[in-house]
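A.B. asks: For the sequence shown, the tail end lands on 1592 under the numbering used here, and the numbers increase by one without skipping.
Glycine included, C-beta positions come from ideal geometry on N, C-alpha and C.
For reference, the structure I am asking about is given below.
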Amino acid sequence: MKHRHLLLSLAIGAGLLGLAACQRDASPRGPGADARPAETADQFVARISADLKAAYPEITSAQWLSSTYINEDSQRVAAKANERALAQLNAWIEEAKQFEGQPMSEDSARAIALLKLMTSMPAPRDPAKLAELTRIAAKMEGAYGAGTYCTGEGASKTCRQLGELEDVLRSSRDYDAQLDAWTGWHSTAAPMRQDYIRFVELVNEGARELGYADTGAMWRNGYDMDPDAFAAETDRLWEQVKPLYEQLHCYTRDKLQQTYGVERGVVGEGLLPAHLTGNMWQQDWGNLWDILQPYEGAGSLDITGALEKQYQRELNAALHRRGPGAGVRERFEAEREAQLATAKAMTRRAEEFYVSLGMPRLPETYWANSQFIKPLDRDVVCHASAWDMNMGGEDGKSPDVRTKMCIKPNEEDFTTIYHELGHIYYDLAYNPQPPLFQNGANDGFHEAIGDTIVLAMTPKYLESIGLVQAQAQGQEALINTQMRMALAKVSFLPFGLMIDRWRWGVFDGSITPDRYNQAWWELKAKYQGVAPVQARGEEFFDPGAKYHVPGNTPYTRYFLAHLLQFQFYKSLCEAAGHTGPLYECSFHGNEQAGAKFRAMLARGASQPWQATLKELTGSEQIDGGAVLEYFAPLQEWLQQQNQGKSCGWQAPSAQAAPKAHAPAKGA
C-alpha cells in the first residue's frame, strides 16, 4: 500500500505546512528588542500564519522538483529551502517562549502548541549542523528515488528500478526470480546507512533543544495525550486485532507451503519468507490472490483484468489514429498516450466518488500539473503522494493540488488513487482554517480518509461503474470478497507498528548503529511473523529500502489509519441509513453521509482529535471493534480452515530488545 507524500522536513502529521524563507529576529520582544511595538500572543500567531502561507509555495515547489526531477541541482535547491524553513521554524519557536503564561485565545494557545510539533525533522540551532541535516535528508530521499539494481556486465548488463522489481514480486511465482528482485532492491539501500546514522544524531540534537528526550518522544507527543499513554494505546489496539492477523498468517503460510514446498514456504519456526508475500515490504498480500483465493471464480472481482482491457482499448484507439503504417516510434508514442489516458481515466473514476458525496471537482490545475505516469527522461520518486502546493483553497481561488504517481492499470494502483484523493479533499476542506490548523485531526486521520472510501468500493459499487460483472450472492463470494480486503487491510496492521517501533529504539539509543539490521528483522519477526531466507547482516541497511525511513515520515499514523477508517466507515454507513451487515455498505452518492464526512474534514487540526472523532463516531477513543465486526465472516472461516494446523510463529531470540517507548521530557 502506498501512502501520501509528506514534505521532507516540514510535516505536521499528515498535513503539509511550509515555512517562510525569510529570517526574522528570534529574540524575545522585550523593550528595545526592535522598532516594532510588542505583540500579543494572538498578534504573533496572526503574523506567522500570514508569513507561513505567503512562503508556502517556495518549499512545496522545491520539494516537488526534488521528487520529480531527481538530480544534484534539485537536491541542492530542496536542501537550501529546507534549511531556510527550519531556521525560521526554530526562530519562531524561540520567539513563542515569551508568551508562556500570558493570556491568549484558545485558538492561539493551540496554534503555539502545534508550532513546536511542526516538523518531523527537528533541526539543531547550530547553522552548520542545520545545513548538514538538510543536505543529508535531500540526499537520502534522492537516493531512494534513483535506486537501481543492476546485473550482468557490458552489453548484457540490465538495470531495474523499484517499479520493475515490484512487478516481479507481483506477478512471478518463480522462487528464485522473486528472491533476486527482493534482494536486489534491498541492496540499493546499503549506501545510505552512514548518512542515516548521522541523520539520527542531528535530529536528536534538535529534539533535545526543543525539550524532548529524543525525536521518537517528540513524535509521540503530537497526539493530544501523554506520549507514554499513546504508546500504551497502540499496544492495546494491536492486541485487539492480533488474533485476526494470526489466523490470516496461518492460512497464508499453509498456502505458500503448498505452492513452493514445505521447506521453501516457511522460515524457521513458522515465519513467512519475506520475498514470497507479493510485496517488497510484506505490508500488503493482495498480489497473492492467485495463491490465497478461497473459492476459485466465486464473486470474481478481476479489477486488474478490467483495467488492462481499458488500456488495450486506449492503445488500439491511439494506434488507429496513427494509421496502418505506424512504425516502432509511432507505436511507442501510442503506448505512452494510452498509458496516460488510462491513468487519467482511473483518476477521474476516483474523483467521481468524492463528487457524489457533494465535494467539488478537482481544479483544472490538478490535471495539468500532476504526475500520472513515470517520465522517460529522468529519475522520479514513484511513491504515491498527494500535494497541496499553495493553500489556495481558502479564498476559493486557484488551488494548486496535485498527486504524484507512476500509475499502472492494476487494482493496487486503482485503490491507491482513491486513497491519495482522500488527502487532496482533506486539504481542500480544511484550507479555510488558519494555516497552523491546516492539517489532519491527527496524522492517522489524514491516512484514513481515502481508505474509508476504499471500504465503500463494494462489489455492487464496482459493478455500477462497469469494472466487474454482476456478482452472484452467496457465502463463497462473500468469503472471497472479504479475503481480498483482508489481504490489504489486515496484513498491514503489524507492519504499521513495527517501523516506528524500530525508529523509537533507534532514536532513544536502545537500538545502536551496530545492530540496525538485526533489530529491524527481530521486530519484523515479532510483529509480522516474516523473515528473510538469507542472512541479512549489518553490511545491509534494509530499513532504508522502505521510503518512509529515508523520507523521515512517521509511520504509526498508518496503523491508526487502518483502524480509524473502519470507524469512519461504520459511522458514515449509519448516516446513510444502511441496514444489514457492515461489509455490504456503500455510501456512494449519499448526501447525508457526504455532509457528515465533509464536516469532519473541515475541522482540520483546530481542536483535539478526540473531539473530532466524537463528532463523527460518537466516541473519543480509537477502537478495533469495527475491524472485527467487518471481518467477522472471514475470521470464522479462517478458524475453520486452520483447525488442526500449528498456527503462530516463534521469533528468534532478541538481543537487547528495544524499548517500546521512552519518556518525553519537558514536552
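Could you compute how far the alpha carbon of T1184 sits from the alpha carbon of I1216?
C.D. replies: So the alpha carbons of these two residues sit roughly 7 Å apart.
A.B. asks: In chain order, which alpha helix (DSSP H) runs of at least 4 residues are fully inside the segment 1206 to 1245?
C.D. replies: Counting whole runs of 4 or more residues, the segment 1206 to 1245 contains the alpha helix (DSSP H) stretches 1214 to 1217.
A.B. asks: In its own chain, which residues sit with a C-beta less than 7 Å from the C-beta of E1630, not counting the 5 before and 5 after it?
C.D. replies: Because the chain in this structure spans residues 926 to 1592, residue 1630 falls outside the shown range and cannot be described.
A.B. asks: Below 8 Å on the Cβ atoms is my guess for M1065 versus P1475; work out the distance and round it to an integer in Å.
C.D. replies: About 4 Å; that satisfies the 8 Å criterion.
A.B. asks: What are the start and end residues of the beta strand (DSSP E) that includes A1311?
C.D. replies: Counting along the chain, the beta strand (DSSP E) containing A1311 begins and ends at S1310 to D1313.
A.B. asks: Just to confirm, is the Cβ distance from M1284 to R1523 under 8 Å?
C.D. replies: The answer is yes: Cβ separation under 8 Å.
A.B. asks: Please go through the same chain and pick out, in chain order, the residues whose beta-carbon is closer than 8 Å to the beta-carbon of D1115, but skip the five residues on each side of it.
C.D. replies: Checking the sequence shown, residue 1115 turns out to be Ala, not Asp. Excluding positions up to five away in sequence, the list reads E1464, F1465, F1466 and G1469.
A.B. asks: Can you tell me whether A1456 is helix, strand or coil according to DSSP?
C.D. replies: A1456: strand per DSSP, three-state reduction.
A.B. asks: Go ahead and pull the three-state DSSP assignment for P1577.
C.D. replies: If DSSP states are grouped into helix, strand and coil, P1577 belongs with coil.
A.B. asks: Return the first residue and the last residue of the alpha helix (DSSP H) that Q1560 is part of.
C.D. replies: Looking at the DSSP string, the run of the alpha helix (DSSP H) that includes Q1560 is A1557 to Q1566.
A.B. asks: Do the segment 1540 to 1547 and the segment 1409 to 1421 touch if we need at least three Cβ pairs shorter than 8 Å?
C.D. replies: At 8 Å Cβ cutoff, the stretches do not touch.
A.B. asks: Let me make sure I understand the geometry here. Which of W1292, E1130 and L1104 has the alpha-carbon closest to that of A1199?
C.D. replies: Here the closest residue by C-alpha is L1104.
A.B. asks: Taking C-beta to C-beta, are P1249 and P1288 nearer than 8 Å?
C.D. replies: Contact: no.
A.B. asks: To which residues does DSSP link Y1074 through a beta bridge?
C.D. replies: According to DSSP, which records beta bridges pairwise, Y1074 is partnered with R1085.
A.B. asks: What residue does the alpha helix (DSSP H) around R1009 start on, and which one ends it?
C.D. replies: Unbroken alpha helix (DSSP H) run through R1009: E997 to A1021.
A.B. asks: Please go through the same chain and pick out, in chain order, the residues whose beta-carbon is closer than 6 Å to the beta-carbon of T1377, but skip the five residues on each side of it.
C.D. replies: So the qualifying residues of the chain are Q1490, F1493 and Y1494.
A.B. asks: Return the Cβ separation of P1219 and N1405 in integer angstroms, given the expectation that the two are a contact with Cβ distance under 8 Å.
C.D. replies: The pair is a contact, with the Cβ atoms about 6 Å apart (cut-off 8 Å).
A.B. asks: Going by the DSSP bridge assignment, what does E1329 pair with across the sheet?
C.D. replies: Per the sequence shown, the amino acid found at residue 1329 is Lys instead of Glu. DSSP output for K1329 lists Q1296 and S1310 as bridge partner(s).
A.B. asks: For a minimum of 4 consecutive residues, which ranges assigned as the alpha helix (DSSP H) are wholly contained in the segment 1395 to 1472?
C.D. replies: Entirely contained in the segment 1395 to 1472, the alpha helix (DSSP H) runs reaching 4 residues are, in chain order, 1400 to 1414, 1418 to 1433 and 1441 to 1448.
A.B. asks: Let me know if S952 comes out buried or exposed under the rule of 16 or more other beta-carbons within 10 Å of its beta-carbon.
C.D. replies: Residue confidence is low: S952 scores 35 on pLDDT, short of 50, so the model does not pin down where it sits. Its coordinate-derived value is still stated next. By the neighbour-count rule (16 or more Cβ atoms within 10 Å), S952 is not buried but exposed.
A.B. asks: May I ask you to list the residues that DSSP assigns as paired with P1384?
C.D. replies: Answer is none; P1384 lacks a bridge partner.
A.B. asks: Hey, is the segment 1172 to 1183 in contact with the segment 1385 to 1396, meaning 3+ C-beta pairs nearer than 8 Å?
C.D. replies: The segment 1172 to 1183, when compared against the segment 1385 to 1396, does not touch it at the 8 Å Cβ threshold.
A.B. asks: So, are the CB atoms of M1117 and A1068 less than 8 Å apart?
C.D. replies: Yes, they are a contact pair.
A.B. asks: So if DSSP puts P1198 in a beta bridge, which residue, or which two residues, is it bridged to?
C.D. replies: According to DSSP, which records beta bridges pairwise, P1198 is partnered with A1456.
A.B. asks: Would you call the segment 1121 to 1139 in contact with the segment 1079 to 1091, where contact means no fewer than 3 C-beta pairs closer than 8 Å?
C.D. replies: No contact exists between the segment 1121 to 1139 and the segment 1079 to 1091.
A.B. asks: Suppose you measure from the CA of E1221 to the CA of G1211; what does that come to, to the nearest Å?
C.D. replies: When rounded, the distance between both Cα atoms is 15 Å.
A.B. asks: Going by DSSP, name the residue or residues bridged to V1192.
C.D. replies: L1196.
A.B. asks: Within 10 angstroms of the Cβ of G1026, are there 16 or more other Cβ atoms? Answer buried if so, exposed if not.
C.D. replies: Its Cβ having fewer than 16 others within 10 Å, G1026 is exposed.
A.B. asks: I need the straight-line Cα distance from K1022 to A1036, nearest angstrom please.
C.D. replies: Rounded to whole angstroms, K1022 to A1036 spans 13 Å at the Cα level.
A.B. asks: Give every residue of the same chain whose Cβ lies closer than 6 Å to the Cβ of G1147, excluding the five residues on either side of it in the sequence, and list them in chain order.
C.D. replies: These residues qualify, in order along the chain: L1042.
A.B. asks: Relative to the C-alpha of I1349, which candidate in H1503, G1375, Q1564 and Y1480 has its C-alpha closest?
C.D. replies: Per the Cα distances, G1375.
A.B. asks: Hey, would you say Q1517 sits closer than 8 Å to A1536, going by beta carbons?
C.D. replies: No, the Cβ-Cβ distance between Q1517 and A1536 is not below 8 Å.
A.B. asks: Could you tell me the alpha carbon to alpha carbon distance between E1233 and M1271, rounded to whole angstroms?
C.D. replies: Cα to Cα, the separation comes out at about 11 Å.
A.B. asks: In angstroms with no decimal places, state the Cα-to-Cα distance between G957 and E964.
C.D. replies: Since pLDDT at G957 reaches only 39, below the 50 mark, its modelled position is unreliable, and the value read off the structure follows with that caveat. Going by the C-alpha atoms only, they are around 13 Å apart.
A.B. asks: Is L1422 closer than 8 Å to V1173 when the C-beta atoms are compared?
C.D. replies: Note that residue 1173 corresponds to Leu in the displayed sequence, not to Val. For L1173 and L1422, no; Cβs fall outside 8 Å.
A.B. asks: My output table needs one value for K1570: the three-state DSSP class, helix, strand or coil.
C.D. replies: Three-state DSSP puts K1570 in coil, outside helix and strand.
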